[in-house]
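The structure under discussion appears below in the form of structure tokens.
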Amino acid sequence: EPEVTQTPSHQVTQMGQEVILRCVPISNHLYFYWYRQILGQKVEFLVSFYNNEISEKSEIFDDQFSVERPDGSNFTLKIRSTKLEDSAMYFCASSPGGQNQPQHFGDGTRLSIL
Amino acid sequence: SQQGEEDPQALSIQEGENATMNCSYKTSINNLQWYRQNSGRGLVHLILIRSNEREKHSGRLRVTLDTSKKSSSLLITASRAADTASYFCATVPGGTSYGKLTFGQGTILTVHP
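Order-wise, the sequence lines are chains Z and X.
Just so we're aligned: 40 in my numbering is position 40 of the first sequence, and the numbers increase by one with no gaps anywhere.
In short: position in the second sequence from 1, add 1000, done, that's my numbering.
Below you can see the structure in the form of structure tokens.
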């Protein structure tokens, strides 16, 4: 069964550094998402991406964050200047349709900011 | 309470028993979904129920939705040790949406063999 893959599984970065989290969504899916889960807290929506542009974003997704689909397979989340509070598990998800379709999640990237 | 709040926060049962988890939400929804998360893994979609549906079944799972009370329940029948995981409800808002999910805090289910 096709699955969403995320790399790396764990990323350790110094505060202030840029980090890029990578995701390969399921190939025929059209909608792509990033969520994050700070330890002990809820999974939080960051951004959705459809038709090569951001379709929705949360208050968390400020100017430090950006997303890109550089080719037909990858979907990336960039954090320009990381802060301690960016430490979290970041999940990528994809869906064949929009609001009435289930989302398929990757296993996440654990981001640790030192 | 916040959008997508589950209760109980933790549930411990014996194999073979049924497990019921509840979820409440505050705003209008397009649909409500349940996900499972095993420790250290991503979320796995279990079932989606639309706002105009009242009940849905999938294998040993039964989900109900009461939009008048803004609540949903997930029933797992004849539980197994492999059902041990965290369970989350998530809502998609009504109106135009690209599928943004708002998650609850989750219920930690432990099934003892």
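Even for Gly, the Cβ is constructed at its ideal location relative to N, Cα and C.
None of the values given here were measured: they were computed from a predicted structure.
(message) If you measure between the beta carbons of G98 (chain Z) and S1097 (chain X), is that distance less than 9 Å?
(response) Counting from one through the first sequence, the residue named residue 98 (chain Z) turns up at place 98. Counting from one through the second sequence, the residue named residue 1097 (chain X) turns up at place 97. Against a cut-off of 9 Å, the Cβ pair of S1097 (chain X) and G98 (chain Z) comes out as a contact.
(request) Mind checking which residues open and close the beta strand (DSSP E) that includes Q1033 (chain X)? (result) What you label residue 1033 (chain X) is simply residue 33 of the second sequence in a count that begins at 1. First-last of the beta strand (DSSP E) with Q1033 (chain X): I1029 to Q1037.
(message) Suppose contacts are defined by Cβ-Cβ distances below 9 Å. Is I1108 (chain X) in contact with A1010 (chain X) by that definition?
(response) Counting from one through the second sequence, the residue named residue 1108 (chain X) turns up at place 108. Counting from one through the second sequence, the residue named residue 1010 (chain X) turns up at place 10. For I1108 (chain X) and A1010 (chain X), yes; Cβs fall inside 9 Å.
(request) Starting from the C-beta of E55 (chain Z), find all residues in its chain whose C-beta is less than 7 Å away, skip the five residues before and the five after it, and write them out in chain order. (result) Position 55 of the first sequence, counted from the first residue, corresponds to residue 55 (chain Z). Checking the sequence, you will find Ser at residue 55 (chain Z) rather than Glu. If we look at S55 (chain Z) and ignore the five residues flanking it on each side, its Cβ neighbours are S48 and F49.
(message) By DSSP's criteria, P1093 (chain X) is part of a beta bridge. Which residues make up the other side?
(response) The residue labelled residue 1093 (chain X) in the question sits at position 93 within the second sequence. DSSP, once it has assigned bridges, lists X:I1029 as partnering P1093 (chain X).
(message) Going by beta-carbon coordinates alone, are S1058 (chain X) and L1043 (chain X) separated by less than 9 Å?
(response) To locate residue 1058 (chain X), count along the second sequence from 1; it is residue 58. To locate residue 1043 (chain X), count along the second sequence from 1; it is residue 43. No. Outside cutoff.
(message) Using C-beta distances below 8 Å, list every residue in its chain close to L1101 (chain X), excluding the 5 sequence neighbours before and after it, in chain order.
(response) As a working mapping, residue 1101 (chain X) is identified with position 101 in the second sequence. Cβ within range, chain order: Q1033, A1090, T1091 and V1092.
(request) Evaluate contact between the stretch 25-40 of chain Z and the stretch 75-93 of chain Z, counting only Cβ atoms and requiring at least three cross-stretch pairs below 8 Å. (result) yes
(request) Determine which residues share a DSSP beta bridge with A1085 (chain X) and list them. (result) Start at 1 with the first residue of the second sequence, and residue 1085 (chain X) comes out as number 85. Partner(s): X:L1109.
(request) In the DSSP assignment, find the beta strand (DSSP E) that holds T1020 (chain X) and state where it starts and stops. (result) Residue numbering aside, residue 1020 (chain X) sits at position 20 when the second sequence is read from its first letter. Note, T1020 (chain X): beta strand (DSSP E), A1019 to S1024.
(message) So, does the stretch 1049-1056 of chain X touch the stretch 54-70 of chain Z, judging by three or more C-beta pairs under 8 Å?
(response) no
(request) With a cut-off of 8 Å on the beta carbons, I'd call I79 (chain Z) and F65 (chain Z) a contact; round off their distance for me. (result) For this step, residue 79 (chain Z) is matched to residue 79 along the first sequence. For this step, residue 65 (chain Z) is matched to residue 65 along the first sequence. I79 (chain Z) to F65 (chain Z), Cβ: 6 Å. Contact.
(request) State the Cα-Cα distance for the pair Q17 (chain Z) and A88 (chain Z), rounded to the nearest angstrom. (result) Residue mapping note: residue 17 (chain Z) aligns to position 17 of the first sequence, counting from 1. Residue mapping note: residue 88 (chain Z) aligns to position 88 of the first sequence, counting from 1. Using only the alpha carbons, I get a separation of about 16 Å.
(request) Measure the C-alpha to C-alpha separation of V67 (chain Z) and G1016 (chain X) and round it to an integer number of angstroms. (result) Numbered from 1 along the first sequence, position 67 holds the residue referred to as residue 67 (chain Z). Numbered from 1 along the second sequence, position 16 holds the residue referred to as residue 1016 (chain X). One C-alpha to the other measures close to 45 Å.
(request) Kindly indicate if chain Z contains any beta-carbon less than 9 Å away from that of H1045 (chain X). (result) Stepping through the second sequence from its first residue, residue 1045 (chain X) is reached at position 45. H1045 (chain X) counts as touching chain Z.
(request) Assign M15 (chain Z) to buried or exposed, taking buried as 16 or more other Cβ atoms, counted over all protein chains shown, within 10 Å of its Cβ. (result) Taking the first sequence and counting its residues from 1, the one referred to as residue 15 (chain Z) is at position 15. It counts as exposed.
(request) With DSSP collapsed to three states, give me the class of I114 (chain Z). (result) Numbered from its first residue, the first sequence carries residue 114 (chain Z) at position 114. Position check: residue 114 (chain Z) holds Leu in this sequence, whereas Ile was assumed. If DSSP states are grouped into helix, strand and coil, L114 (chain Z) belongs with coil.
(message) Assuming S1079 (chain X) and N1038 (chain X) are in contact, meaning their beta carbons sit under 8 Å apart, how far apart are those beta carbons, in whole angstroms?
(response) Position 79 of the second sequence, counting from 1, holds the residue named residue 1079 (chain X). Position 38 of the second sequence, counting from 1, holds the residue named residue 1038 (chain X). With a Cβ gap of about 15 Å, S1079 (chain X) and N1038 (chain X) do not count as contacting.
(request) Quick one: list the residues of chain Z neighbouring R1050 (chain X), beta-carbon separation under 7 Å, in chain order. (result) As a position in the second sequence, residue 1050 (chain X) is number 50, starting the count at 1. Chain Z residues near R1050 (chain X): N100.
(request) Would you verify that the beta carbon of S1001 (chain X) is, or is not, closer than 9 Å to some beta carbon of chain Z? (result) Here residue 1001 (chain X) refers to the residue found at position 1 of the second sequence. Reliability of the predicted coordinates at S1001 (chain X) is poor, the pLDDT of 36 falling under 50, and the value obtained from them is presented with this limitation in mind. With 9 Å as the cut-off, S1001 (chain X) does not count as an interface residue toward chain Z.
(message) Please give me, in chain order, every unbroken run of the beta strand (DSSP E) with length at least 3 that falls completely inside the stretch 36-63 of chain Z.
(response) 43-50 and 53-57
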